[in-house]
Amino acid sequence: MATPNLSEIITTTLESRSGRIADNVTKNNALLTWLKKRGNQRTVSGGRTILEELSFAENGNGGWYSGYDVLPMAPQDVLSSAEYSYKQYAVPVVISGLEQLQNSGKEAIIDLMEARLKVAESTMANAVAQGLYSDGTGFGGKQLTGLDAAVPVTPTTGTYGGIDRAVWAFWRPQVVDMPALATKDTIQPAMNTLWSSLVRGSDQPDLIVAGNAAWATYMASLQAFQRFTDTSTASLGFTSVKFLNVDVVLDGGIGGFAGTNTMYFLNTSYLHYRPHKDRNMVPLEPGRRTSFNQDASAQILAWAGNLTCSGAQFQGRLIAE
Numbered sequence: 183m184a185t186p187n188l189s190e191i192i193t194t195t196l197e198s199r200s201g202r203i204a205d206n207v208t209k210n211n212a213l214l215t216w217l218k219k220r221g222n223q224r225t226v227s228g229g230r231t232i233l234e235e236l237s238f239a240e241n242g243n244g245g246w247y248s249g250y251d252v253l254p255m256a257p258q259d260v261l262s263s264a265e266y267s268y269k270q271y272a273v274p275v276v277i278s279g280l281e282q283l284q285n286s287g288k289e290a291i292i293d294l295m296e297a298r299l300k301v302a303e304s305t306m307a308n309a310v311a312q313g314l315y316s317d318g319t320g321f322g323g324k325q326l327t328g329l330d331a332a333v334p335v336t337p338t339t340g341t342y343g344g345i346d347r348a349v350w351a352f353w354r355p356q357v358v359d360m361p362a363l364a365t366k367d368t369i370q371p372a373m374n375t376l377w378s379s380l381v382r383g384s385d386q387p388d389l390i391v392a393g394n395a396a397w398a399t400y401m402a403s404l405q406a407f408q409r410f411t412d413t414s415t416a417s418l419g420f421t422s423v424k425f426l427n428v429d430v431v432l433d434g435g436i437g438g439f440a441g442t443n444t445m446y447f448l449n450t451s452y453l454h455y456r457p458h459k460d461r462n463m464v465p466l467e468p469g470r471r472t473s474f475n476q477d478a479s480a481q482i483l484a485w486a487g488n489l490t491c492s493g494a495q496f497q498g499r500l501i502a503e
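As structure tokens, then:
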């Protein structure tokens, strides 16, 4: 006979694994791993949208003075917020009535659920990885707002985070578009140019993610003795080489979503992965959902949030073609 407490087994198995799913999805992506390592993976507790506070101007009251000079006290509008919509993703985990009969017993159902959840986990990992490189317009505008929105090919137009780049220069990322396909002789000079446009004192990129062709070209430009790797990066599951002591990570590979001739120079101090605290790859609600016209039960694994940015001018993009 079928397991009598199937609903409880499904829900308990989902809940016990859902925290690991969120963690494993993060570990599967270089950018998310860096954001978590830096402490920029922060949950959202609520609100109509996700806000990221940012400073866009200096305090105009600042200035040199002497003795009893009168000091200016005018109010200063120097802080604002970038505003991001919630994006949602869900993976239904379904068991038919026949499968319930074929997997009688608690252990059999748990094994079946674990197998289904592994598929759900990889599905979510791929969806998030794809979304991280999107411009947020995919799937009818429902996709994650990713790096193609934060660091677009044309940085002087468009609205990102509710801020118009055509109006506000401080919100424009840096882009170097090479006039021809990069070679091992031309890629490092282009990287140097982009790097210098992103440094402000000790504030500088701390992660470079590369597509397949850009990665291969950079590797070809290095002498064997230059190919320094970081053991701490390797321990996170990613192989990297260095550029000016910053990790260069291949985020393409098989089925990767980074543009093949693209490198992103990222200052992860200003990038934030913001899942909602109640929708971070967890069951949508307790209990199972039963189809009204099918012999099947389902539970929905859900996520809501977005990738946000509080300093677009500190992000860069190299187009190596």
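Residue numbers for the sequence shown follow the numbering used here, beginning at 183 and rising by one. Think of the CB as a built atom: it goes at the ideal place given N, C-alpha and C, for glycine as much as any other residue.
Same chain, Cβ closer than 8 Å to residue i, neighbours up to 5 away in sequence not counted
i, result
"CYS491", "GLU234, ALA264, ALA332, TYR342, GLY343, TYR452, LEU453, HIS454, GLN497"
"ASP367", "SER403"
"THR442", "GLY393, ASN394, ALA395, ALA396, GLY434"
"THR444", "ALA392, GLY393, ALA396, ARG499, LEU500, ILE501, ALA502"
Limits of the unbroken alpha helix (DSSP H) element including residue i
i, result
"ARG220", "212 to 220"
"ALA364", "Note, ALA364: premise wrong, no alpha helix (DSSP H); not H, not E."
For residue i, the first and last residue of its enclosing beta strand (DSSP E)
i, result
"ASN462", "453 to 465"
"GLN356", "356 to 359"
"PHE425", "422 to 425"
"ALA264", "261 to 266"
"LEU432", "428 to 432"
Counterpart residues of residue i in DSSP-defined beta bridges
i, result
"GLN481", "VAL275"
"GLN161", "As displayed, the chain neither begins before 183 nor continues past 503, which places residue 161 out of reach and without an answer."
"MET445", "ALA392, LEU500"
"ASP346", "THR341"
"LEU380", "Answer by DSSP bridge pairing: none, since LEU380 is not bridged."
"ASN488", "ARG456"
"GLN223", "TYR455"
"LEU294", "Paired residues: none, contrary to the question."
"GLN270", "ALA486"
Per-residue DSSP class, three states only, for residue i
i, result
"ALA416", "Since pLDDT at ALA416 reaches only 49, below the 50 mark, its modelled position is unreliable, and the value read off the structure follows with that caveat. Of the three classes helix, strand and coil, the one that applies to ALA416 here is helix, per DSSP."
"VAL252", "coil"
"LYS300", "helix"
"ALA494", "helix"
"GLN284", "helix"
"LEU326", "coil"
"ALA307", "helix"
"LEU314", "helix"
"ASN374", "helix"
"ALA440", "coil"
"GLY228", "coil"
"GLY435", "coil"
"LEU404", "coil"
"ALA332", "helix"
"THR185", "Below a pLDDT of 50, predicted positions are generally treated as unreliable, and THR185, at 43, falls in that range; no measurement from the model is reported."
"LEU233", "strand"
"THR319", "coil"
Cutoff 7 Å; reference residue i; Cβ partners in own chain excluding five residues on either side
i, result
"ALA494", "ALA332, TYR342, TRP353, ARG354, PRO355"
"GLY279", "ASP477, ALA478"
"SER316", "GLN325, LEU326, GLY328, ASP330"
"THR529", "In the structure as shown, the chain begins at 183 and stops at 503. Residue 529 is therefore absent and cannot be evaluated."
"ASN222", "THR450, LEU453, HIS454, TYR455"
"LEU376", "GLN356, VAL358, PHE447, GLY498, LEU500"
Contacts around residue i, its chain only, beta-carbon distance under 6 Å, and the 5 residues preceding and following it disregarded
i, result
"ARG220", "THR450"
"SER248", "none"
"ILE482", "ALA272, PRO274, LEU466"
"VAL357", "PRO337, ARG499"
"ALA309", "TYR271"
"PHE439", "ALA311, GLN312, TYR315"
"VAL431", "ALA212, VAL391, PHE420, SER422"
Expected contact under 8 Å - CB spacing of residue i and residue j to nearest Å
i, j, result
"ALA396", "ALA364", "7 Å"
"LEU329", "TYR446", "6 Å"
"ILE369", "ALA502", "6 Å"
"ASN488", "ARG456", "6 Å"
"TYR266", "THR327", "6 Å"
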